[in-house]
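> Please find one structure pasted underneath; my questions will follow.
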Amino acid sequence: MIPKIIHYIWFGGKAYSDKIKRCIDSWHKFLPEYKFMLWNEDTFDIQNSCIFVQQAFENKKWAFVSDYVRLWALSKYGGIYLDTDVEVTKPLGHLLDERIVLGTDELGHLTALMASEPCHPFWDKILQKYHTMTFIQPDGTFNMAVNNSYLENELAGYGYKILNQKQEINDGIVIYPDDWFHAADHMSGILHITENTHAIHWHTLTWCDTSTHFNRFIRVKVLGSIIGKKRASNLFNKLYNYLKK
Numbered sequence: 001m002i003p004k005i006i007h008y009i010w011f012g013g014k015a016y017s018d019k020i021k022r023c024i025d026s027w028h029k030f031l032p033e034y035k036f037m038l039w040n041e042d043t044f045d046i047q048n049s050c051i052f053v054q055q056a057f058e059n060k061k062w063a064f065v066s067d068y069v070r071l072w073a074l075s076k077y078g079g080i081y082l083d084t085d086v087e088v089t090k091p092l093g094h095l096l097d098e099r100i101v102l103g104t105d106e107l108g109h110l111t112a113l114m115a116s117e118p119c120h121p122f123w124d125k126i127l128q129k130y131h132t133m134t135f136i137q138p139d140g141t142f143n144m145a146v147n148n149s150y151l152e153n154e155l156a157g158y159g160y161k162i163l164n165q166k167q168e169i170n171d172g173i174v175i176y177p178d179d180w181f182h183a184a185d186h187m188s189g190i191l192h193i194t195e196n197t198h199a200i201h202w203h204t205l206t207w208c209d210t211s212t213h214f215n216r217f218i219r220v221k222v223l224g225s226i227i228g229k230k231r232a233s234n235l236f237n238k239l240y241n242y243l244k245k
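Under my numbering, the first residue of the sequence shown is numbered 1, with each subsequent residue one higher.
Listed below in structure tokens is the structure:
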């Protein structure tokens with residue numbers, strides 16, 4: 001059983017943008033009976049966490065601190081984790097009878113909503129991985145792999161496939177397609193809203209550098225306006241898959 005807890009994370013002390021404020025307001029609108037747990041410098045013990053988190057925090061790489069903290073919070077307390085740029089559009093009560101719920105984007109990769117019962121053993125496996133690695137690598141560069149890559153690799157052993165479809169895999173893990181909790185194409189910005197849509201991930205990319213935001217502007221605003229958002233999205237998706245291989 002997943003408890004009525006919403007976990008969200010905001011390290012660094014920067015003010016919320018108007019879009020993030022609207023997203024958080026939507027949580028209170030549709031989930032008024034939930035407990036809201038904000039994790040930041042005041043509520044999470046950085047110094048007694050693992051080396052990976054300490055190094056990411058010291059270098060102000062807040063997204064990588066968040067990558068660990070969300071998994072820790074779900075393991076310890078259970079509940080629902082939301083990125084701050086996720087807008088809730090319907091109550092989420094249908095999730096609560098499951099053990100773990102995840103969602104995918106349009107390519108079948110995991111996205112910004114996770115829900116879990118407390119102490120599910122899956123999280124221990126991922127947390128142990130973080131406990132055995134560092135954020136600063138031996139050559140001095142940062143380990144910039146996002147936690148979704150670790151989650152997807154581990155989930156493969158449970159039967160998960162990178163597909164944009166509902167999957168019910170081992171140990172009570174259920175994965176929903178993109179129209180449930182994602183609904184906004186990261187590449188093109190095209191919305192995929194259906195009767196299933198309970199949340200929209202708006203991709204504010206607050207953790208990304210200037211070059212990422214510039215590339216997104218070229219992809220969505222410039223190329224999308226010339227050849228159409230859908231064609232631009234298909235082009236970049238094909239390029240992404242090619243480069244990944």
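All residues carry an ideal CB built from backbone N, CA and C; glycine is no exception.
Residues in its own chain within less than 6 Å of Tyr35 by CB, not counting five upstream and five downstream?
Reading off the sequence shown, one finds Lys at residue 35, where the question assumed Tyr. Correct list, in chain order: Ile5.
> Based on DSSP bridge pairs, tell me the residues matched to Gly103.
Tyr176
> Check the DSSP bridge columns for Tyr81 and list the partner residues they point to.
His7, Met114
> Which residue marks the beginning of the beta strand (DSSP E) containing Ile169, and which one marks its end?
167-169
> Taking the CB atoms as reference points, tell me whether Ser116 and Ile2 lie closer together than 8 Å.
yes
> Determine the contact status of Ile20 and Ser66, defining contact as a CB-CB distance below 8 Å.
no
> Would you tell me roughly how many angstroms separate the C-alpha atoms of Tyr77 and Asp42, rounded to the nearest one?
18 Å
> Kindly indicate which three-state DSSP category Val202 falls into: helix, strand or coil?
Correcting the residue type first, residue 202 is Trp in the shown sequence and not Val. In this structure, Trp202 counts as coil in the three-state DSSP scheme.
> Can you look up Ala184 in the DSSP assignment and give me helix, strand or coil?
Here Ala184 sits in strand by DSSP.
> Just the Cα atoms here: how many angstroms apart are Leu31 and Pro91?
Rounded to the nearest angstrom, the two C-alpha atoms are 6 Å apart.
> Hey, out of Ala199, Glu58, Asp179, whose CA is closest to His192's CA?
Nearest to His192 by C-alpha distance, out of Ala199, Glu58, Asp179, is Asp179.
> So, Asp18 versus Arg99, is the Cβ gap smaller than 8 Å?
no
> Using the rule of at least 16 other Cβ atoms within 10 Å of the residue's Cβ for burial, across every protein chain shown, is Asp105 buried or exposed?
buried
> Report yes if the C-beta distance between Leu95 and Val101 is below 8 Å; otherwise report no.
yes
> Give me, in chain order, the residues of the same chain whose beta-carbon lies closer than 6 Å to that of Thr194; leave out the 5 immediate sequence neighbours on both sides.
Asp179
> Select from Gly12, His7, Ala15, Ile24 the residue whose C-alpha is nearest the C-alpha of Trp202.
Ile24
> Between Ala56, Phe44, Leu110, which has its C-alpha nearest His186's C-alpha?
Leu110
> I need the boundaries of the alpha helix (DSSP H) containing Leu38, first residue and last residue.
Run containing Leu38: none in the alpha helix (DSSP H); it sits in the beta strand (DSSP E), 35-39.
> Should Asp139 be labelled buried (16 or more other beta-carbon atoms within 10 Å of its own) or exposed?
Under this definition Asp139 is an exposed residue.
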